[in-house]
Structure formats: C-alpha cells, structure tokens
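Participant:
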Amino acid sequence: MEPETLPPTMNFAVSALQEWRTLCRRHDLSPNDATRAFALSSTFDALIVVGCETKEQIETSMEVIRRLSPNAAFLAEARDLRTDEARITNQSAWH
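Under numbering that gives the first Met the number 0, the residues of the sequence shown are numbered 0 to 94, in order.
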C-alpha cells in the first residue's frame, strides 16, 4: 500500500507508512520482505501465518522466508521507528 492510496480515514498513518517505505528502500528490501524479516527476528518463537490462494504464492512466500537473513542495521532502525499515533496498531480505528 502506498501512502497516497490510503483512504481519507487512514490519513493519520501516512507519515508512519512513508517512514517505513523509506527504511525499506534504504536497505533494498520490499515492504513485504522487510515485514517478514522483522517478524522473524523479533522473538525466538515468532510465527508467521502465510496466506495464499495458489501454490505459486505459497512457494514464493516460503522462498522469501528461506532467503531472508536479518540485516542488523535494518532491524535496529526498524525497532527505532516510533509513532505517537495509537491508531496505527488499533485496527478498529481504521474505519
């Protein structure tokens, strides 16, 4: 999702989304790959539920997970991203 395509009710998330995408570009990661890397490195017992509609989608997702090696610099910056906007993590506020 691009910041400029957010619906008006999500304008509060534009700044955070721009920061996330900037971080991803700086480390040459797609937002999806960066999210997976962050989730996998956040805790030793992290789980990722991979949704798919086709066999190709699950194969692609599994390949991405296999090849992701946590980049220490990316992970440090990702953990430092902060927002004062509580609605970012409250999906019930996204409507």
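From the three backbone atoms N, C-alpha and C, an ideal C-beta is built for every residue, glycine too. If you're wondering where the values come from, they're calculated on a predicted model, not measured in any experiment.
Distance, Cα to Cα, P6 vs H94?
Facilitator: Here the question's residue 6 lines up with position 7 in the sequence shown. Here the question's residue 94 lines up with position 95 in the sequence shown. P6 and H94: Cα-Cα distance of roughly 9 Å.
Participant: Please classify L80 as buried or exposed, where buried requires at least 16 neighbouring CB atoms within 10 angstroms.
Facilitator: Residue numbering aside, residue 80 sits at position 81 when the sequence shown is read from its first letter. Exposed: under 16 other Cβ atoms inside 10 Å.
Participant: Please report how far the alpha carbon of M0 lies from the alpha carbon of E84, in whole angstroms.
Facilitator: Here residue 0 corresponds to residue number 1 of the sequence shown, with the count starting at 1. Here residue 84 corresponds to residue number 85 of the sequence shown, with the count starting at 1. When rounded, the distance between both Cα atoms is 18 Å.
Participant: Helix, strand or coil, according to DSSP, for D79 in the structure here?
Facilitator: Along the sequence shown, one-based indexing puts residue 79 at 80. Correct three-state label for D79: helix.
Participant: Could you tell me how far apart the beta carbons of C23 and A38 are, in whole angstroms, since I believe they sit closer than 8 Å?
Facilitator: The residue labelled residue 23 in the question sits at position 24 within the sequence shown. The residue labelled residue 38 in the question sits at position 39 within the sequence shown. Incorrect: roughly 14 Å between the Cβ atoms, too far for contact.
Participant: For the putative contact between Q86 and A92, defined by C-beta atoms under 8 Å, what is the C-beta separation to the nearest angstrom?
Facilitator: Within the sequence shown, the letter at position 87 stands for residue 86. Within the sequence shown, the letter at position 93 stands for residue 92. It should be pointed out that residue 86 corresponds to Arg in this sequence rather than to Gln. 4 Å between Cβ atoms; contact.
Participant: From what residue to what residue does the alpha helix (DSSP H) around L16 run?
Facilitator: The count along the sequence shown starts at 1 and reaches residue 16 at position 17. L16 -> alpha helix (DSSP H) spans 13 to 25.
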